[in-house]
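Reviewing the structure listed below.
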Amino acid sequence: MRVAVVGATGLVGSKMLEVLQERQFPVTELLPVASARSWGKKVYFQGREWTVMSADEAIARKPVLALFSAGGATSELLAPQFAAAGCYVVDNSSFWRMDPSVPLVVPEINADVLTPRDRIIANPNCSTIQMVLPLAPLHQAYGIKRIVVSTYQSVTGAGQRGIEQLEAERAGGSGSKFPHRIDLNVIPHIDAFLPDGYTKEEMKMVNETRKILRDASIAVSATTVRVPVKGGHSESVNIEFRKPYDLSDARNLMASMPGVVVKDNPADSEYPMPLDAWGKDEVFVGRIRRDPSVENGLNLWCVSDNIRKGAATNAVQIAQYLLEKGWLA
Numbered sequence: 002m003r004v005a006v007v008g009a010t011g012l013v014g015s016k017m018l019e020v021l022q023e024r025q026f027p028v029t030e031l032l033p034v035a036s037a038r039s040w041g042k043k044v045y046f047q048g049r050e051w052t053v054m055s056a057d058e059a060i061a062r063k064p065v066l067a068l069f070s071a072g073g074a075t076s077e078l079l080a081p082q083f084a085a086a087g088c089y090v091v092d093n094s095s096f097w098r099m100d101p102s103v104p105l106v107v108p109e110i111n112a113d114v115l116t117p118r119d120r121i122i123a124n125p126n127c128s129t130i131q132m133v134l135p136l137a138p139l140h141q142a143y144g145i146k147r148i149v150v151s152t153y154q155s156v157t158g159a160g161q162r163g164i165e166q167l168e169a170e171r172a173g174g175s176g177s178k179f180p181h182r183i184d185l186n187v188i189p190h191i192d193a194f195l196p197d198g199y200t201k202e203e204m205k206m207v208n209e210t211r212k213i214l215r216d217a218s219i220a221v222s223a224t225t226v227r228v229p230v231k232g233g234h235s236e237s238v239n240i241e242f243r244k245p246y247d248l249s250d251a252r253n254l255m256a257s258m259p260g261v262v263v264k265d266n267p268a269d270s271e272y273p274m275p276l277d278a279w280g281k282d283e284v285f286v287g288r289i290r291r292d293p294s295v296e297n298g299l300n301l302w303c304v305s306d307n308i309r310k311g312a313a314t315n316a317v318q319i320a321q322y323l324l325e326k327g328w329l330a
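In the numbering used here, the protein residues as written are 2 to 330.
See below:
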């Protein structure tokens, strides 16, 4: 199968190649696409080198599938061109996520919304993915009324330049990706601020959660924070249900959800941390406890590798679903 990866030389694009290989996706010809400054460079995949090319060259080769991780402006321009050439596009940018005609998919939750006619498919925000996975079975059982979430997002969420700034600061230098120093600091600012004081990142979590869980009535309040961690996002999530719940049942529902691992034994200091999640595809959940301040309230803590499940792995899982349905031909 001829597969294009747009943004193949970036942090997420490189991880997409890694996950495609790990999962033995049937790629017979790789079309790595990047910006002009990378044309002619090589990427390593399936034991050989492949030459980075332009989007026009890749489109002319008519790939069956294209995985995009190249930013919203690139996706706005190029995704329709790949789709018009008969290609299925799985896009990791924010551009298509809230388009009512484009499915926004976490395969374990809502792959059933996909049809053969959906040539552009949106990959959700990394922070949204890791929150909705454990919440989906709880919503189905008890009905979620309200979510209050605070995130602790690693510098990898800001790409290679985020990593470079953290490393430079730890070595005594500086960087320019973040508006403030990130080493020995936390920055309550991810993406641009909106007129109401929230950021675009926070509103992504609000709107994407409702779309994925198929319930526009869910109230969501988010605060997103950058922390000096190299990999893995963490979230403190407070949920208010519409119905009474049993704490043991809630824990079991999350533990039985594909892609979720419950690690919750605080007596022995066992709870999820970014170091546990790094390099893994699951969402890890712990600190599960009743919130006595509100009726039907629950607190939990979840951690996930934002580059894998939060981006590359989720995209490849969508591609695997298309393959299993027989649509990639």
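Cβ atoms here follow ideal geometry from the backbone N, Cα and C, with glycine treated the same way.
| Asked | Found |
| --- | --- |
| Cross-strand partners of A220 (DSSP beta bridge) | R147 |
| With 16 other Cβ atoms within 10 Å as the buried cut-off, status of N93 | buried |
| First through last residue of the alpha helix (DSSP H) which encompasses S235 | Element bounds for S235: not the alpha helix (DSSP H) but the beta strand (DSSP E), 234–242. |
| 8 Å contact criterion, which I183 and E170 should meet: CB distance rounded | 7 Å |
| The segment 192–208 in contact with the segment 110–119 per 3-pair CB rule at 8 Å | no |
| Spatial distance of S55 from L31 (CA atoms) | 13 Å |
| Stretch pair the segment 8–22 + the segment 62–72: three plus CB contacts closer than 8 Å | yes |
| Outcome for H181 when other beta-carbon atoms lying within 10 angstroms are tallied against a minimum of 16 | exposed |
| Span separating the alpha-carbon of A5 from that of V34 | 7 Å |
| Per-residue burial, E203 [other beta carbons within 10 Å of its own, 16 or more giving buried] | buried |
| Three-state secondary structure assigned by DSSP to Q154 | strand |
| Boundaries (first-last residue) of the alpha helix (DSSP H) holding D277 | 275–278 |
| Nearest-angstrom beta carbon gap, I60 and A80 [assumed within contact, 8 Å] | In fact, because the Cβ distance is near 11 Å, the residues do not count as touching under 8 Å. |
| Between the CA atoms of E325 and R291 - distance to the nearest angstrom | 40 Å |
| Beta-carbon separation (whole angstroms), V261 vs V286, contact threshold 8 Å | 6 Å |
| V207 beta carbon less than 8 Å from that of V221 | yes |
| Cβ distance (whole Å) where L139 is taken to contact A251 below 8 Å | 6 Å |
| Whole-Å CB distance - S305 paired with G233, under 8 Å assumed | 7 Å |
| Three-state secondary structure (DSSP) of N266 | strand |
| Three-state secondary structure assigned by DSSP to M258 | coil |
| Span separating the alpha-carbon of R147 from that of T52 | 48 Å |
| Alpha carbon of V107 to alpha carbon of S235, nearest angstrom | 18 Å |
| Own chain residues within Cβ distance below 7 Å of T29, not counting five before or after | M2, R3 |
| Rounded straight-line distance, which links the Cα of V150 to that of I164 | 24 Å |
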